[in-house]
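First the structure, in the form of structure tokens, and then the observations on it.
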Amino acid sequence: MNKGYLITFEGGEGCGKSTQIKLLSQFLKEYNFDYILSREPGGATFGEALRKILLDNKSDIDAKTEFLLMSSGRVDHVEKVVKPALERGQIVVLDRFYDSSYAYQGYAGGLDLKDIKYITDFAAGGCKPDLTFLLDISYEDGFDRKARDENLRNLDRFENKDKEFHDKVRLGYLEMAKKEPERFVVIDATKSPEEINKKIVKEFLKRYVQLGKKNESTEKSVDL
Ligand code: TMP
24 MNKGYLITFE
34 GGEGCGKSTQ
44 IKLLSQFLKE
54 YNFDYILSRE
64 PGGATFGEAL
74 RKILLDNKSD
84 IDAKTEFLLM
94 SSGRVDHVEK
104 VVKPALERGQ
114 IVVLDRFYDS
124 SYAYQGYAGG
134 LDLKDIKYIT
144 DFAAGGCKPD
154 LTFLLDISYE
164 DGFDRKARDE
174 NLRNLDRFEN
184 KDKEFHDKVR
194 LGYLEMAKKE
204 PERFVVIDAT
214 KSPEEINKKI
224 VKEFLKRYVQ
234 LGKKNESTEK
244 SVDL
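In the numbering used here, the protein residues as written are 24 to 247.
Here it is in structure tokens:
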């Protein structure tokens, strides 16, 4: 078991992950939880360099190359950022982790899930999320949101893939969530940000307390 606590956020394009991570982070800060935020691809210098290549519309790379790049960035990120923080007992909140590889390169990209598992187990080095929030959204609703948000209008290489690809990403995520119901919390991402945040905080606190972990918010039973 992790000494710390690993929370990951997953979902398709325009699902509102960034907003929810910001809101959860405000809660964690307010109640003095010891936490860090990070992301994939990225999170450490090497991964951030890879992120630029991976998201660049000019990069002409297939799913296998994508997956191996994502995985090498993951090794560096896990070893330099995630594992040390968990060892220190911190909460680590990740904007995407290996479930994204299963969804994007496996279910949607067509790579064999057994190959993904083999390399992911190697790359993640035993790091497994304690809790994963899947913000579930349809292709139409996700891209609708992007179209309305000025900051999200420039589409990257993944966002530019077609509806069929993104539909497969969504179904892949839902299938993974079905296989691991104790780890995944599936959230309807069309609900209001406040409503979603309440659910996220509630689910997090419930599980955190169940593990016997404590904090001033769990002691005071925060009014949600
Ligand atoms: P985002 O962080 O803005 O959501 O963008 C990252 C993109 O990278 C997103 O479209 C999903 C994609 N991705 C993969 O395809 N595989 C992976 O393993 C990870 C971590 C991300």
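For every residue, glycine included, the Cβ atom is placed at its ideal position computed from N, Cα and C.
Do Gly149 and Ile139 have their beta-carbon atoms positioned less than 8 Å apart in this structure? The answer is no: Cβ separation not under 8 Å.
Should Glu218 be counted as a contact of the ligand TMP given a C-beta to heavy atom distance under 7 Å? no
Residue ranges of each beta strand (DSSP E) within the region 101 to 188, 3 or longer: Note on the region 101 to 188: whole beta strand (DSSP E) runs with a minimum of 3 residues are 114 to 118 and 154 to 159, in chain order.
Roughly how many whole angstroms lie between the Cα atoms of Thr155 and Lys45? 16 Å
Taking C-beta to C-beta, are Phe32 and Arg119 nearer than 8 Å? yes
Is Gln128 near the ligand TMP - that is, is its Cβ less than 7 Å away from at least one heavy atom of it? For Gln128, the Cβ falls inside the 7 Å cut-off from some heavy atom of the ligand TMP.
Just how far apart, CA to CA, sit Lys52 and Arg206? 24 Å
I want to check one thing, is the minimum distance from the CB of Leu161 to the heavy atoms of the ligand TMP below 7 Å? The question names Leu, but residue 161 is Ser in the sequence shown. Incorrect: Ser161 has no Cβ contact closer than 7 Å to the ligand TMP.
Three-state secondary structure (DSSP) of Ile84: The answer is coil: DSSP assigns Ile84 none of H, G, I, E or B.
Any chance the region 227 to 234 sits against the region 180 to 193, with 3 or more Cβ pairs inside 8 Å? no
Tell me whether Ser82 counts as near the ligand TMP, meaning its Cβ is closer than 7 Å to at least one heavy atom of that ligand. no
Using three-state DSSP, classify Ser240 as helix, strand or coil. helix
Gly65 versus Ala147: straight-line alpha-carbon distance, rounded: 14 Å
Take Asp99 and list the residues in its own chain whose beta-carbon comes closer than 7 Å to its own, dropping the five residues that flank it on each side. Ala67, Phe69 and Gly70
When the Cα atoms are used, what is the spatial distance from Ile210 to Lys221? So the two alpha carbons sit approximately 11 Å from each other.
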